[in-house]
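Report on the following structure.
Residue numbers (UniProt numbering): 1 to 223.
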């Protein structure tokens, strides 16, 4: 009987030790995930939501001209992105933005790009640097500086890139989609969900956008 009690106590000790080790491993895993997850940008209060009507803006393009949505008389809507020169996520999506403009501008949904970063905080996002980058990449769309950072808070943008699909309606320019471009910033060839394309295709077909919001993946906007 004494031998059995000793054996049971030994088994109980092993079980407790294993459970503690499991908890320790789980805590370690959670810590690693937390340490490798970028802290979310400070949320902007009262940003546009899907269904809201967007106020027009007038911002300086890299060619020196002021650009507004109202300048695009024949447009059916816009693929608007808040992006920049310096964020690795934005850089990874530059070619895809060019392809989006190539595919949809002629169909009535041109790309419009706005750099929301404060160039005093991020010199690599100065207007002069933007002009250089636009020329290097051969941007086919307006690339404008949100001077004074007055536009991006209205949209509620928190990341670069942060996408907005906007449609012209009898009520005005209406937000139809907010979020990411697609589901794989690292590898365009491995994308399985093309959120922006799906939204624009639905609008062109006269259908409701199915996925209206996703989480924008990118760098926090520099203020």
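The C-beta atom is built at its ideal place from N, Cα and C for all residues, glycine as well.
Let me know the secondary structure DSSP gives residue i once reduced to three states.
i	result
residue 233	Past the boundaries of the shown model lies residue 233; the chain is included only from 1 to 223, so the question cannot be answered.
residue 113	strand
residue 221	coil
residue 103	helix
Tell me where the alpha helix (DSSP H) around residue i begins and ends.
i	result
residue 82	That residue, residue 82, is in no alpha helix (DSSP H); its beta strand (DSSP E) goes 77 to 82.
residue 176	Run containing residue 176: none in the alpha helix (DSSP H); it sits in the beta strand (DSSP E), 172 to 179.
residue 199	195 to 204
residue 130	127 to 137
residue 152	152 to 155
In chain order, what residues of the same chain have a beta carbon less than 6 Å from the beta carbon of residue i, not counting five sequence neighbours either side?
i	result
residue 133	85
residue 209	176, 177, 199 and 202
residue 162	82 and 216
residue 90	83, 84, 160 and 161
State the start and end residues of the unbroken beta strand (DSSP E) segment that holds residue i.
i	result
residue 185	No beta strand (DSSP E) contains residue 185, which DSSP labels as neither H nor E.
residue 168	162 to 169
residue 144	143 to 145
residue 60	59 to 61
Distance, Cα to Cα, residue i vs residue j?
i	j	result
residue 130	residue 183	26 Å
residue 57	residue 171	17 Å
residue 140	residue 123	24 Å
residue 128	residue 135	11 Å
residue 55	residue 222	23 Å
residue 63	residue 50	31 Å
residue 193	residue 164	16 Å
residue 71	residue 120	29 Å
residue 158	residue 146	14 Å
residue 114	residue 126	12 Å
residue 188	residue 97	11 Å
Strictly under 8 Å for the Cβ-Cβ distance: is residue i near chain B by that measure?
i	result
residue 151	Annotation note: the requested chain B is absent from the structure, which comprises a single protein chain.
Apart from the five residues on each side of it in sequence, which residues of its chain come closer than 8 Å, Cβ to Cβ, to residue i?
i	result
residue 67	58, 59, 60, 61, 112, 142 and 144
residue 92	185 and 186
residue 109	75, 76, 77, 78, 79, 165, 200, 203 and 204
residue 105	111, 140 and 141
What residues in its chain sit with their C-beta under 7 Å from that of residue i, if we drop five residues either side in the sequence?
i	result
residue 87	160, 218 and 219
residue 215	179 and 180
residue 149	116, 118 and 223
residue 69	56, 78 and 173
residue 168	75, 76 and 77
residue 53	171, 172, 173 and 174
Give a single yes or no on whether residue i has its beta carbon closer than 7 Å to a heavy atom of the ligand ATP.
i	result
residue 120	Because no ligand of any kind appears in the structure shown, any question about the ligand ATP cannot be addressed here.
With three or more C-beta pairs closer than 8 Å as the rule, is the segment 148 to 155 touching the segment 196 to 213? no
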